[in-house]
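Below is one structure, written out as structure tokens; the observations come after it.
Residue numbers (UniProt numbering): 1 to 1203.
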């Protein structure tokens, strides 16, 4: 996998859309500080899923959007698109090219895309998981990360090793398994809580089930007897109904026969009507056909008239064609005569042209002879001129040599003066260089002292960081414990509220009514007693036992709501409920004051809390109930106290005024409804305190983390200051060395100037002697030059005479050539005219043939028109015959219509007679129905009583077999049953169904609990397997990285030793990693004591160790080479070159050595303030390594090449 392209739009300073085409190997990004180079790295981190704005050098997520400049408005969104070559399917996706895009808007909305398809950020992170190139991986390294990997806690440093080991996916799977395990445990706890609540409800409900079944037995026997009476009444009414309905059926049969007869008459009428309509339609069709035939006859007559006109037009056209043929023949004769005369003129011109060409050839021969003679004398003249020019050049050379000697003599004297002045200046510069070197030595010593102080401060900050980390870890553990407690209590509260809101544990009727009231199906204020009470925890069991089923009594403001509730319960057969209307309640006289003795808690009404609106209801239920500590106190007090209704102990024993005692073990169930409401109240009170504690610990942990971050920031600033100071020391050392070299250079130049002065003085003497020799030679050659010039003048005059004769011959030859050209032109024009006339003759012949062809076509057209006229006349005669037939058809339709109308009248009369008979029978049936209605009313009343009172449908009642004799014993049995039912009072018959539902739900929850425990065990096994795989892979990777780290460290430092140690070898899942570095010639020491350059080399060795063990498809380095000096940069570049064979490298750098190693540069500039732009460069192989010697050359595609 490799990066192919990076697109940015509106990201930070990149306001315009830019594209970076990234090739294999090494690519460099260069540019001045502040131009936006690091924004490219931020863009790649951002598109790969980085969410922390601070890691992107921003405060908020929206800060990555271009914020505007002096000339530009802010943009509304930012987008980054990364295109990768996945032809090797390195990424787990089936595409050979993968596009990753991320977009953010000012509103904070973010969008993610894979190959243009919307996705989640999680999908992108998982796609790059364990590739070494994803979010938080070691493939993107800047200066801060170089220092952070060394100064980080051992536990934080482990993350890089996990990325190299490829076990992050195991971490993700483990987190998912732990999340599922936490959810399973929460669900398991919830199921257990619900099961405890349901088990607490089963025991009292089981007692109610026994009473309900006995009550239903009495009800069933009473029902059998009373149903017998109602069934006899219903059967008598049903027998009478049977006879009347037989008569009704006979009348209905007669009525049905008449209705059939009526339907037949009506059908016959409809058929006759339809036939009349059909005849009318046929009549209309016949009339339409007649009209159409008339129209066709008229159209044929019109077409025949048109054909006659076409025949007359053809005659006129034929005559015109004959006239045109005659005219064209005349024009043809004229053209033929003209072509003959032009042929005679062409022969004459050709003869004249031959004469002119012969004369021109004679003149050309004479001209050639004269020109040969002129050329010979010109050659002689040129030879003499060359000799004169050679003599002049020799004279000029001697004069130039003399001038050169004079100039060199003057220049040498000036050089001597300049050297004398430079010698004085060099002496001054040497003194200044000696002073500057002394100052640089002092400043360097001060910097080294400052660095030692910063190292001491660094050790103090690291100690402070460790203390803050330990304190933060302890605070986090307390916070997590408090949060777990809060979550457990909140889950418990949620479960209890869910049970309370679903009215779990309430009787069926009570639950149905309360749910209906909540849904608005029944109007009114309905409140169960348990919801009105606030019971302190010590009294909850006592109050629960004292009230018993009265806890579920419904309190209403008035009797109207109670009546509405009862009506709703009856309507929906939803069971029975006890109502306590506040307007009807009479609580009675309160108890006398209780003796102030130990063991007596008080009257129950005084031990609970409730709203004053409900005093009558609570006083009625608890006003005469005494709560005591134990059963002995209750027995003793019962003998002395009067007016009480029951005594109850704190453990739930119950004593009645009649002396009945109820007690025993509650089997750990305790209070149920009261206890649940009390626990809800307790949890609502306790949860805010727990939340406050969680918030306090979270705030404390946040403050500690803030302090830790501030300390880390201070440490990072200190490390940056140390790095800057190391860099300044390295720069100053270079400056000091440069000053020493400058001083040595100045000293060498002084010696060289002294030697140069001596050489110049010797050179001046030699030049003065050469000047004297040249002046004597020039004077001796002057006389020979004068004789040669006179001979040259005589020869020039002879040349002028011969040239004049040659020019006269040239003029005559030119005249003859012009005359010959004119004759040729005339001859060519005549030939063109002949060609045009021949073409015109051919065109006339073609037109004559066309007119003849037209004449023949017109004759054929005349024959066709005559034939078509004959055919149309025959068609017209045929249509006239069809018109006669159509008139006959119209007359037949009129006769048929009258016959159908007569039949329709007869059938309509028969239908009126049948309708009168139907009316008579209908009246008789109505009287029968009234008699049936009276009997049905009697049967309905009996059925309604059976259904309402005994829930027995009438259909079943009529099949009922009477098994009870209606005698005096039966009457006594009915009275006894009614007494027994009254004596049992209110019985919760819904308890049977409630108990069955509760048992079914308990069974379901028990099964669910077993499933959850099985799921929990499976998740624990999965986590164990993940941990085992993680340990093995981590240990193998750690060993491989440790070996590579030591090897690369020795290579970069030229010796020394580097180690990686596990802080806790017994816990490979959480152990941190310590780094020990020992540069050559030094003791093993803390990383903080290394210089900035040594720290950078150590971090680079670790980074490339990761790349060696688990290569990343691409690596991005942001000014990693900044702290390195020249020699170490060479080592760094060599490593990058080696590893670029396996990985793509994108390097942001200012270093010339690193820049030279990259074949492609991308320059980031700010041509417009606040807006970054990109210029790409292709760098050919350089002769020297100094990039300042490069010049920029534009290319057609917008790239720039340095040469």
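All residues carry an ideal CB built from backbone N, CA and C; glycine is no exception. Owing to the predicted nature of the structure, the values given are computational and were not obtained by experimental measurement.
Coil, strand or helix - residue i by DSSP
i	result
residue 598	coil
residue 95	coil
residue 1152	helix
residue 113	strand
residue 403	helix
residue 507	coil
residue 14	strand
residue 9	strand
residue 852	helix
residue 125	helix
residue 19	strand
residue 589	coil
residue 669	Confidence is the limiting factor: at residue 669 the pLDDT is only 43, short of 50, which leaves the residue's position unreliable and the question unanswerable from this model.
Proximity of residue i and residue j at Cβ, strictly below 9 Å
i	j	result
residue 297	residue 889	no
residue 540	residue 675	yes
residue 753	residue 419	yes
residue 381	residue 799	yes
residue 108	residue 61	yes
residue 1047	residue 1010	no
residue 608	residue 528	no
residue 350	residue 827	yes
residue 1234	residue 1140	This structure cannot settle anything about residue 1234, because the visible part of the chain is limited to 1 through 1203.
residue 683	residue 493	yes
residue 205	residue 998	yes
residue 55	residue 45	yes
residue 1002	residue 195	yes
residue 880	residue 307	no
Of the residues the options, the one placed nearest residue i, counting alpha carbons only
i	options	result
residue 1165	18, 456 and 151	18
residue 96	4, 424 and 162	4
residue 795	281, 260 and 384	384
residue 1092	246, 756 and 728	728
residue 908	156, 31 and 268	268
residue 316	994, 858, 1031 and 866	858
residue 13	59, 24, 65 and 593	65
Range of the contiguous beta strand (DSSP E) that encloses residue i
i	result
residue 1002	Per DSSP, residue 1002 belongs to no beta strand (DSSP E); it is in the alpha helix (DSSP H), 990-1053.
residue 534	First-last for residue 534: undefined, no H or E at that position.
residue 1114	1114-1118
residue 1109	Not the beta strand (DSSP E): residue 1109 falls in the alpha helix (DSSP H), residues 1092-1109.
residue 581	579-581
residue 1074	1073-1078
residue 542	Taken as a continuous stretch (DSSP letters only), residue 542 belongs to no beta strand (DSSP E), being part of the alpha helix (DSSP H) at 540-547.
residue 1164	1160-1168
residue 625	625-628
residue 1205	Here the chain has residues from 1 to 1203 only, and residue 1205 is not among them.
Environment of residue i [buried if 16+ CB atoms lie within 10 Å]
i	result
residue 623	buried
residue 652	buried
residue 508	buried
residue 937	exposed
residue 176	exposed
residue 1065	exposed
residue 715	buried
residue 1123	buried
Alpha helix (DSSP H) segment containing residue i, residue limits
i	result
residue 46	37-47
residue 640	631-640
residue 561	559-571
residue 1129	1126-1139
residue 618	615-622
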